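If you read the sequences in order, they're chains A and B.
As numbered in this note's numbering, residues -9 to 103 make up the first sequence, in order.
As numbered in this note's numbering, residues 97 to 210 make up the second sequence, in order.
Glycine included, every Cβ here is placed at the ideal spot set by N, Cα and C.
Just so it is clear, the structure is predicted and the values come from calculations on it, not from any experiment.
Here the structure is laid out as structure tokens; the discussion comes afterwards.
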Amino acid sequence: DAGITQSPRHKVTETGTPVTLRCHQTENHRYMYWYRQDPGHGLRLIHYSYGVKDTDKGEVSDGYSVSRSKTEDFLLTLESATSSQTSVYFCAISPGEPNTEAFFGQGTRLTVV
Amino acid sequence: AQSVTQLGSHVSVSEGALVLLRCNYSSSVPPYLFWYVQYPNQGLQLLLKYTTGATLVKGINGFEAEFKKSETSFHLTKPSAHMSDAAEYFCAVSPTGANSKLTFGKGITLSVRP
């Protein structure tokens, strides 16, 4: 398995509080991604990174920010958590061309109450 | 913009029967195509992928898929279902090039009856 660790694995938080999820990789892959998974929606891209300090928005980026200060770490922050952000969050990594495969972490289940 | 359509949310087959999970995509240029599998409470695992070359792609666990450009399809098949195949399956597309920014379908849950 690709070396991807997501933390925490489970979290319950209150509406309005900031929350940070961490993704750590040991593969030295260039690309890192944050997706959220919701029933009936599949996985949707929140933000991605193509290098240290290089990030861009995905299709559902509102209410989220990211940072990548080191190759191995990609942080996702919910600035002020809302109930609509209750979801399972997945981090993925990819080396890019020629191997385009993305490897996924185990996920973080976040509940906002 | 790219999109993926997986018709239906649930497929049920008998053990030993053919598995067919459909995927159609929309893309302005030929994309890369993927099938991922997700077992309960786990992350996603790559089953197979099409990038270039042979349009019939073989993956893990006996699955295969065929890229049909004229039909914009990438259907997943397995000749004989096993109980262990019960899972959720996602079709995904990404643009060609270095960034594997995936666009996923909504997923299909496969149940296998004894």
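Inset, instruction - Report yes if the CB atom of S99 of chain B is closer than 7 angstroms to the CB atom of S122 of chain B, and no otherwise. - result: yes
Inset, instruction - Tell me whether the beta-carbon of G53 of chain A lies closer than 7 angstroms to the beta-carbon of G139 of chain B. - result: Cβ atoms of G53 of chain A and G139 of chain B: not closer than 7 angstroms.
Inset, instruction - My understanding is that F159 of chain B touches L142 of chain B, with C-beta atoms under 8 angstroms, so please give their C-beta distance in whole angstroms. - result: Rounded, the Cβ-Cβ distance is 11 angstroms, inconsistent with contact.
Inset, instruction - Please go through the same chain and pick out, in chain order, the residues whose beta-carbon is closer than 8 angstroms to the beta-carbon of D181 of chain B, but skip the five residues on each side of it. - result: Only V115, N157, K174, L206 and V208 meet the Cβ criterion.
Legend entry - D90 of chain A at chain B interface by Cβ criterion, 7 angstroms: The identity of residue 90 of chain A in the sequence shown is Thr, whereas the question assumes Asp. Cβ-Cβ to chain B under 7 angstroms: yes for T90 of chain A.
Legend entry - Beta carbon proximity, F200 of chain B to chain A, threshold 7 angstroms: yes
Inset, instruction - Measure from the C-beta of S196 of chain B to each C-beta in chain A and report whether the shortest distance is under 7 angstroms. - result: yes
Inset, instruction - Please check if any C-beta of chain A sits within less than 7 angstroms of the C-beta of Y185 of chain B. - result: For Y185 of chain B, the answer is no, since every Cβ of chain A falls outside 7 angstroms of its Cβ.
Legend entry - Helix, strand or coil at S176 of chain B according to DSSP, with G and I counted as helix: Correct three-state label for S176 of chain B: coil.
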